[in-house]
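A.B. asks: In our numbering, the protein residues as written are 13 to 53. What follows is a single structure, and I will ask about it in a moment.
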Amino acid sequence: MPLRQDARGAGKVAGAWRVSFWGALAMAMTAGVGALFGAVV
C-alpha cells in the first residue's frame, strides 16, 4: 500500500520537507506561547 504522498505523485523528499516545515512551525509557535506565558517545559 503506497504512502499518501506517493499516491498523489509527490516524492518522498517533498513529504519529508512538508513534515519538517510544519513540525518546525508548530515548535516555534509552542515556544512563542511558552515565552508569552513564562512557562518552561
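A virtual CB, placed ideally from N, CA and C, is assigned to each residue, including glycine. Quantities reported herein were computed from a predicted structural model and do not represent experimental measurements.
Could you give the DSSP three-state label for Ala36: helix, strand or coil?
C.D. replies: For this step, residue 36 is matched to residue 24 along the sequence shown. Ala36 falls in the helix class under three-state DSSP.
A.B. asks: Between the alpha carbons of Trp34 and Gly23, how many angstroms are there, rounded?
C.D. replies: Taking the first residue of the sequence shown as position 1, residue 34 is located at position 22. Taking the first residue of the sequence shown as position 1, residue 23 is located at position 11. Approximately 17 Å between the Cα atoms of the pair.
A.B. asks: When the Cα atoms are used, what is the spatial distance from Ala28 to Leu37?
C.D. replies: In the sequence shown, residue 28 corresponds to position 16, counting from 1. In the sequence shown, residue 37 corresponds to position 25, counting from 1. Approximately 14 Å between the Cα atoms of the pair.
A.B. asks: Can you give me the C-alpha to C-alpha distance between Val25 and Met39, rounded to a whole angstrom?
C.D. replies: Position 13 of the sequence shown, counting from 1, holds the residue named residue 25. Position 27 of the sequence shown, counting from 1, holds the residue named residue 39. Val25 and Met39: Cα-Cα distance of roughly 21 Å.
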